[in-house]
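Q: Counting with the numbering used here, you get residues 354 to 1075 for the letters of the sequence shown. For every residue, glycine included, the Cβ atom is placed at its ideal position computed from N, Cα and C. To start, I am sharing the structure in question, which I have written as structure tokens.
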Amino acid sequence: PLKDGGFVEVSTTRPETILGDTAVAVHPDDERYAHLIGKSALVPILNREIPVIADEYVDPEFGTGALKVTPGHDPNDYEIGKRHELAMINIMNKDATLNDAAGPYAGLDRFDARKQLWADMEAAGLVVRVEERAHQVGHCQRCNTIVEPLLSEQWWVKTKPLAEPSIEAVRNGDIQIIPQRFERTYFHWMENIRDWCISRQLWWGHRIPIWSASFTNENEATELVRQATALGGDDKIATKLQKDEQDDGTISFNVFVCLRDEESPLEAKAEALGMQRDPDVLDTWFSSALWPHSTLGWPQKTKELDYFYPTSTLCTSRDIITLWVARMVLMGLNNLNEIPFHEVFIHPTILDGNGERMSKSKGNGVDPIDIIDKFGPDSLRFGLARLATETQDVRMPVQYECPHCEKLIDQTKKNRVAATVVCPECKKTFATQWAESEADTAHPKGAVVSEKFETSRNFVNKLWNAARFVLMNLEGYQPQPIDVEKLPVEDRWLLSRLATVTAQVTEGTDQFKFAEVARILYDFAWDEFCSFYVEIAKPRLADDSQRAVTQNVIAHGLDTLLRLLHPTMPFVTESIWGYLGELAGERGLVPVAASPFVMTADWPIANKDHYDQRIERQFAEFQEVVGAIRRIRASQNIAPRETVPVSIRCSESSQTLLEPMKAYFDALAGADVIEFGPAAKAFDTDAPLALPLIDVDVHVDLEKFIDVEAELSRLEKLLGQL
């Protein structure tokens, strides 16, 4: 009701909060209510006079366009209340019963008060209508109780003075956020920073190191401040005397004492003076914000703090840029006048196959231990590196592994929360992480994994097998000086590729491009070192005249590859490194220090003297052609022992690159290349394959490998079916 007669309609989903209303708000441009702005309304039943105010927060299109304002029990209303200096009335106790401010409803439970107030309003003719409405209601995560916003006294940090130097630290490049686009998140939060509530009413956490006492006599309070200050110097204790006016008009004098060192003799002395410690604990993010320096002995000046602060790089997720990253910068600059780190790498978030965040409560997360048990720790680590792109989050399909037949079964929103699952392959039942009953837990448990790591496991096996071959052929190895210019072309190619890959991996690692680094290493190790160089080296290792040089080059290649792979595949590389050290303790066409462990070995250096772009191009074209011949052989099911005639049509420049590789075509593709160049002809029984990227056509003669008449008949039948 309005004070001067009439009514203004408002709506609410929490009728009991009407008792704490201190205004009715309308939009300043809403002509329906323009004549009411500045007038007074009455709180139903209580008849407390409240103003009608204009505020742009109100949505004229929502509901009636008039908003009841309850600053004490709604965060949005609280902001309106601050803007208009409204009274902040708290009608609720912490046990969700109503207090004396609720008038005749004091002592009632909030929901009982809701029913009683609504009945009283209906009796008074103040209810217009009741509507069903879907809306979000906050619930406690632990007990699912509906939570109520209410006013309370808390400890706050004034953050605006801390924000300016923190903004400048990123803007001037002292701190780099990678990828750079996440700087926008950092700047937006810092530039719109609000005071930080750092106290929590919890049992677990760092207890706030503040003691206090309250007096009605100012002289007594002043004397306590003097006594408390005398307990220690300014570097050990801080005191504050605060004058507060109570609701009943009386004045209280509150003394606050903050001790720098907890559990010191000062604590007992403060309590002996009649002060009590604050029962609240610090916000966990406040404690976490101190982590970069508090773990190193701060506030004492320790050698660890001097050596390790600031650190180089922080790796974290985008969802805690403001919660943690920004606050570490705030605290570091305030407490030590120095940034806590130089680089912040924001990694992608791993989602399940449906694009949802992995969650223990949802049951859609993979267990790293299950991944390790099935694929190995290096497969997990390298697989994640391959997925860590700079762009989007990663979708990782999640599967159950049947413990009976090892079939992978895709998780669905239904079976991911089931206690048991029936395998569609073997029809047997297995338990999941949700199994609790005796009957369910009697079944063997299925692991939760992802097939994404299968490729990485195959790669680990490929590396292990190639390294095993190299190690088996290092018998009699002797380090010796080598003239690179006199090496065979395949050795100079390997050295050039090692130099190129080392430079690419080093640059990619420095720039946190882990997916690109993993791709480069995968392609080089699998397609070039294992599938090409090792195969080319096999006959040379069996030739006594070439064995020594080949051993030195291949040992150097494996050495460099292990160093480059170690950050993403630490276990298998460390194992191979140990064996390599036993057989070839001294190695290195590039001078690098020896080390008993690859994890302590120097990072490889790209030797500029080994770069040879012509040889790299030569082998790149050679690899393309070999791959084409292999694909043709596979499509025609030609046995590996058979040699196929090949003709390669190419430009004269490509001919000069490919013709010297004639002997290698036989070793790597089982191919007898009859003709190279622009005039190279196709065969009558030809299997052609074009390679447009290098402008080469590959022709394989199938005369000896197919029945021409039968093939023609088969093709004619297919043609007739079209």
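Can you list the alpha helix (DSSP H) stretches of 4 or more residues lying completely in the stretch 1004-1053, in chain order?
A: As far as the stretch 1004-1053 is concerned, its whole alpha helix (DSSP H) runs of at least 4 residues are 1005-1011 and 1015-1022.
Q: At 4 residues or longer, what runs of the alpha helix (DSSP H) sit wholly inside the stretch 920-958?
A: Fully enclosed alpha helix (DSSP H) runs of 4 or longer: 923-936.
Q: Where GLU584 and ALA566 are concerned, what is the direct C-alpha to C-alpha distance, given to the nearest angstrom?
A: The amino acid occupying residue 584 in the given sequence is Leu; Glu does not appear at that position. Approximately 16 angstroms, taken between the alpha carbons.
Q: In this structure, what does DSSP give as the bridge partners for VAL774?
A: DSSP output for VAL774 lists PHE783 as bridge partner(s).
Q: Apart from the five residues just before and just after ALA856, which ones in its own chain have a Cβ nearer than 8 angstroms to its Cβ?
A: Excluding residues within five positions, the ones whose Cβ falls inside 8 angstroms are ALA959.
Q: Do CYS1003 and ASP1048 come within 9 angstroms of each other at the CB atom, strictly closer than that value?
A: Going by C-beta atoms, ASP1048 is nearer than 9 angstroms to CYS1003.
Q: Quick check: is any heavy atom of the ligand NAD less than 8 angstroms from the C-beta of LYS713?
A: Annotation note on the ligand NAD: not contained in the displayed structure, which lists no ligands.
Q: Pick helix, strand or coil for GLN489, following the three-state DSSP scheme.
A: It is coil, neither helix nor strand.
Q: To which residues of the same chain is PRO721 closer than 7 angstroms at the C-beta, ignoring the five residues directly before and after it?
A: Result list for PRO721: LEU733, in chain order.
Q: Less than 9 angstroms between the beta carbons of HIS559 and SER640, yes or no?
A: Result yes, Cβ atoms of HIS559 and SER640 sit closer than 9 angstroms.
Q: Are the beta-carbon atoms belonging to MET441 and LEU504 less than 9 angstroms from one another?
A: Contact flag set, yes.
Q: Can you tell which of ARG385, SER884 and ALA772 has its C-alpha closest to the C-alpha of ALA819?
A: The residue with the shortest Cα to Cα distance from ALA819 is SER884.
Q: Should THR785 be labelled buried (16 or more other beta-carbon atoms within 10 Å of its own) or exposed?
A: Buried is the call here.
Q: Going by DSSP, what residue range makes up the beta strand (DSSP E) through ILE371?
A: Note, ILE371: premise wrong, no beta strand (DSSP E); not H, not E.
Q: Per DSSP, what kind of secondary structure is ARG872 in: helix, strand or coil?
A: Helix, per DSSP.
Q: Contact between the stretch 694-708 and the stretch 736-756 is defined here as three or more beta-carbon pairs at a separation below 8 angstroms; is this criterion met?
A: Taking 8 angstroms as the limit for Cβ pairs, the verdict is that the stretch 736-756 does touch the stretch 694-708.
Q: Given this structure, state the Cα-to-Cα distance separating ALA367 from HIS426, to the nearest angstrom.
A: The question names Ala, but residue 367 in the sequence shown is Arg. For ARG367 and HIS426, the distance between alpha carbons rounds to 10 angstroms.
Q: Would PHE1018 and ILE982 be called neighbours here (beta carbons separated by less than 9 angstroms)?
A: Closer than 9 angstroms, so yes.
Q: If you draw a straight line from the alpha carbon of LEU911 to that of ASN905, how long is it in whole angstroms?
A: Their Cα atoms are separated by approximately 10 angstroms.
Q: So, under 8 angstroms CB-CB, ALA788 and ALA772 are touching, yes? Tell me the CB distance rounded to an integer number of Å.
A: Confirmed, Cβ separation roughly 5 angstroms.
Q: Return the residue from the list LYS815, LYS866, THR853 and VAL902 that minimises the CA-CA distance to ILE835.
A: For the residues LYS815, LYS866, THR853 and VAL902, the minimum Cα distance to ILE835 belongs to VAL902.
Q: Considering just the uninterrupted stretch of the beta strand (DSSP E) at ARG748, what are its terminal residues?
A: Note, ARG748: beta strand (DSSP E), 747-749.
Q: Hey, out of ALA1043, LEU1011, GLU869 and LEU851, whose CA is closest to TRP956's CA?
A: TRP956 has its Cα closest to that of LEU851, out of ALA1043, LEU1011, GLU869 and LEU851.
Q: Is DSSP giving VAL483 helix, strand or coil here?
A: Three-state DSSP puts VAL483 in coil, outside helix and strand.
Q: Compute the distance between the beta-carbons of THR702 and ASP672, then report whether it is under 9 angstroms.
A: Yes.
Q: Quick one: what's ALA394 bridged to in DSSP?
A: In DSSP, ALA394 forms a bridge with LEU355 and ILE403.
Q: Run through the stretch 488-554 for me and flag every whole beta strand (DSSP E) of 3 or more residues, listed as ranges in chain order.
A: Counting whole runs of 3 or more residues, the stretch 488-554 contains the beta strand (DSSP E) stretches 529-531.
Q: Verify whether the separation of the beta carbon atoms of THR675 and THR512 is less than 9 angstroms.
A: It is not a contact, given that the beta carbons lie outside the stated cut-off.
Q: Note down, in chain order, each residue of its chain lying with its Cβ closer than 6 angstroms to the Cβ of TRP564, except the 5 sequence neighbours on either side.
A: Hits under 6 angstroms: VAL610, ALA623, MET628 and ARG630.
Q: Using CA atoms only, rank isn't needed, just tell me which of VAL774, THR921, GLY934 and GLU696 is closest to THR765.
A: Closest by alpha carbon: VAL774.
Q: Given a threshold of 16 other Cβ atoms within 10 Å of its Cβ, counted over all protein chains shown, does ASP374 qualify as buried or as exposed?
A: Classification of ASP374: buried, given that the 10 Å Cβ count is 16 or more.
Q: What separation, rounded to the nearest whole angstrom, lies between the Cα atoms of ALA522 and PHE535?
A: Approximately 15 angstroms between the Cα atoms of the pair.
Q: I'd like to know whether the C-beta atoms of LYS589 and VAL608 end up nearer to each other than 9 angstroms.
A: Not in contact: LYS589 and VAL608 (Cβ atoms no closer than 9 angstroms).
Q: For the pair the stretch 994-1012 and the stretch 1026-1033, tell me if three or more CB-CB distances fall below 8 angstroms.
A: Touching, yes.
Q: Which residues in the same chain as VAL1061 place their Cβ atom closer than 7 angstroms to its Cβ, once the five residues preceding and following it in sequence are excluded?
A: Same-chain partners within the cutoff: THR1038.
Q: Nearest to HIS1052 by alpha carbon, out of ILE1059, LEU1046 and LEU1042?
A: Of ILE1059, LEU1046 and LEU1042, the residue nearest in Cα terms is LEU1042.
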